[in-house]
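>
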Amino acid sequence: MRTYELAIVADPRLTDEDFVALVEEYKLLITSRGGEVVREESWGKRKLAYPIRKLTEGRYVFLYLQMEPKTSALLPEVELRLGQNDKVLRFLSVRTDLDLQRAAGRAKPGEPVRTIHSEPDAPIPAPPAAEAAEAAEEE
Amino acid sequence: MSPRPFPGKARGKKPAGKKKTFFKRRKVCRFTAEHIEYIDYKDVKLLQQYILERAKILPRRISGNSARHQRMVSTAIKRARHLALLPFTTD
């Protein structure tokens, strides 16, 4: 069984209904061909780090998929359709099962696989970024 | 491919006291220390700490990340950039 993540950044001018319909369209395409949408994570509207098609915001949604290797042949089609859809600003599909497996294999026995994202409330210790930035500026 | 001459954590302190001694603070890979095995491109808050002012990726020689973790950070940053979660550059 393979797992994938599919991220979609849609036009912020869509109404809530249109946005749901758009996501639903892709979910349906996936499920009708034997894929499974395990989880859906919506971030709502979010400011873009840089303008895309003169827009400064995007609607973010992440779909977590699961499917058999055979079924995954439908992904190119999903991507093709996302690319043709002008309500979609950006999309990204990533296969995650291998990375997660590897992570699980490396994790200490008995401990859960640690990714920072899985514990968003955990305090993040200050990295050397601040002083590092200064060092880099000097170069 | 020849095997790596110093596998694992062999790197680190140089023999002290020889010739010039200049102080060099030891850098540690935060992800190794915390046993983090997967870095998510959606974790914007984390990734932001690994980009410089001009939105460049913080080099390993400064962050002290292990090669493996640096690779994870950089792929994650690149993915996040594609989705406009992080900037390619600042103007």
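Those sequence lines, one after another, are chains A and B.
Counting in the working numbering, the first sequence runs from 14 upward without gaps.
Counting in the working numbering, the second sequence runs from 36 upward without gaps.
A virtual CB, placed ideally from N, CA and C, is assigned to each residue, including glycine.
Please read all numbers here as calculations on a predicted model, not as lab measurements.
Any idea which residues DSSP pairs glycine 57 (chain A) with across the strands?
A:Tyr73.
> Can you name, in chain order, every residue of its own chain whose Cβ lies under 8 Å from the Cβ of aspartate 31 (chain A), other than the five neighbours on each side?
Excluding positions up to five away in sequence, the list reads Lys100.
> Tell me which residues share the same chain as serine 101 (chain B) and place their Cβ nearer than 6 Å to its Cβ, disregarding the 5 neighbours each side in the sequence.
Cys64 and Thr67.
> In or out: serine 98 (chain B) buried (at least 16 other Cβ within 10 Å) or exposed?
Flag for serine 98 (chain B) reads buried.
> Nearest by alpha-carbon distance to tyrosine 76 (chain B): which of B:Leu120, B:Thr124 and B:Thr125 is it?
Considering only alpha carbons, the answer is B:Leu120.
> Between the alpha carbons of alanine 117 (chain A) and leucine 76 (chain A), how many angstroms are there, rounded?
Spanning the two alpha carbons is a distance of roughly 22 Å.
> List, in chain order, every chain A residue whose beta-carbon is nearer than 7 Å to that of alanine 119 (chain B).
Neighbours of alanine 119 (chain B) on chain A, chain order: Val22, Leu61, Ala62, Tyr63, Ile65, Gly71 and Arg103.
> Using only alpha-carbon positions, find the residue among A:Leu78, A:Lys58 and A:Arg52 that is nearest to arginine 26 (chain A).
Checking every option, the nearest Cα to that of arginine 26 (chain A) belongs to A:Lys58.
> The segment 63-80 of chain B: which residues have C-beta closer than 8 Å to a C-beta of chain A, in chain order?
Answer in chain order: Arg65, Glu69, His70, Ile71, Glu72, Tyr73, Ile74, Asp75, Tyr76, Lys77, Asp78 and Lys80.
> When you compare each of B:Arg89, B:Lys62, B:Phe123 and B:Ile74 to histidine 104 (chain B) by their alpha carbons, which one comes out closest?
Checked all of B:Arg89, B:Lys62, B:Phe123 and B:Ile74; the closest Cα to histidine 104 (chain B) is B:Ile74.
> Classify proline 64 (chain A) as helix, strand or coil using the three-state DSSP reduction.
Strand.
> Around the Cβ of glycine 48 (chain A), are there at least 16 other Cβ atoms within 10 angstroms (buried) or fewer (exposed)?
With 16 or more Cβ atoms within 10 Å of its Cβ, glycine 48 (chain A) is classed as buried.
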